[in-house]
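Residue numbers (my numbering): 4 to 215.
The beta-carbon is built from N, C-alpha and C at its ideal position, and this holds for glycine as well.
What follows is one structure encoded as structure tokens, with my remarks underneath.
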């Protein structure tokens with residue numbers, strides 16, 4: 004199985020090549036794997052192999068989604084790619100189980116996660132959008148959109164996505180602050196609440212420095 008993990012890591016490195024970067028790069032994959040395996044330690048009934056493989060391969064179709072400007076759903080497409088890859092090296096059962104988790108990990112589309120492995124992957128992926136890492140990623144996305152550093156809550160909520168008003172604060176208010184309540188496992192929710200509390204403190208401080 005160690006060999007399959009290594010093969011999967013090499014496969015995803017190839018897929019998320021250096022010419023592609025929307026924040027869902029190999030570094031993001033490694034952080035999701037770390038979160039997923041940490042959750043597995045608290046949820047012993049989960050199949051660690053399935054979780055590990057799903058976490059490695061969950062964003063394999065991100066470049067296709069990016070290139071298609073969103074017409075391709077990376078969760079659905081990635082599940083098919085992962086299944087086709089894994090079936091060369093492991094059982095149909097494991098390949099299907101991993102593919103199911105990948106197909107259900109997306110925040111905005113697809114079926115809700117059904118298995119405990121799918122729920123762990125879902126939570127692990129969301130945890131990488133929270134805390135200090137989540138703040139850094141939100142500012143990175145805003146910079147790529149040409150947005151300003153910060154704005155008020157009123158202006159942030161009135162702004163449009165991918166516009167000059169689409170600040171990191173808007174991402175936090177509209178989406179990231181709501182993630183803890185959407186987590187699907189008890190340890191995932193606990194971790195999300197702690198990381199979200201840090202984000203709230205950070206943006207309160209930023210508001211105080213700019214507007215007070």
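Quick check for students: name the residue ranges of the alpha helix (DSSP H) that lie wholly in the stretch 7–78, counting only runs of 4 or more. Those alpha helix (DSSP H) runs which fall completely within the stretch 7–78 and span 4+ residues are 29–45, 51–60, 65–70.
Taking CB distances under 7 Å as the criterion, tell me whether residue 100 reaches chain C. Reference to chain C is not applicable here, since this structure consists of a single protein chain.
Who are the Cβ neighbours of residue 179 in its own chain at under 8 Å, not counting the five residues just before and after it? Correct list, in chain order: 132, 133, 137, 141, 199, 202.
C-beta contact flag for residue 190 and residue 45 at 7 Å: Taking 7 Å as the Cβ cut-off, residue 190 and residue 45 qualify as a contacting pair.
Taking the continuous alpha helix (DSSP H) assigned at residue 161, which residues delimit it? Per DSSP, residue 161 is one residue of the alpha helix (DSSP H) stretching across 156–161.
Specify, as a first and last residue, the run of the alpha helix (DSSP H) that residue 151 falls within. Where residue 151 is concerned, there is no enclosing alpha helix (DSSP H), given that its DSSP letter is neither H nor E.
Would you decide whether residue 106 is buried or exposed? Buried here means 16 or more other CB atoms lie within 10 Å of its CB. The residue is buried, with at least 16 neighbouring Cβ atoms inside 10 Å.
In chain order, what residues of the same chain have a beta carbon less than 7 Å from the beta carbon of residue 208, not counting five sequence neighbours either side? Excluding the 5 residues flanking it on each side, residue 208 has no same chain C-beta neighbour closer than 7 Å.
Name the residue from 186, 55, 157 whose alpha carbon lies nearest to the alpha carbon of residue 172. Checked all of 186, 55, 157; the closest Cα to residue 172 is 157.
Examine the ligand HEM and report whether any of its heavy atoms sits within less than 6 Å of the Cβ of residue 147. This structure simply doesn't include the ligand HEM, nor any ligand for that matter.
By how many angstroms is the C-alpha of residue 43 removed from the C-alpha of residue 212? Taking the straight line from one Cα to the other gives about 40 Å.
Considering only residues of the same chain and omitting the five flanking positions on each side of residue 10, which have a CB-CB separation below 8 Å? Excluding positions up to five away in sequence, the list reads 92.
Pairing CB atoms from the stretch 55–65 with CB atoms from the stretch 152–169, are three or more of them under 8 Å? The stretch 55–65 makes no contact with the stretch 152–169, as fewer than three CB pairs between them are under 8 Å.
Have a look at residue 36 and residue 149 and give me their C-alpha separation to the nearest angstrom. About 30 Å.
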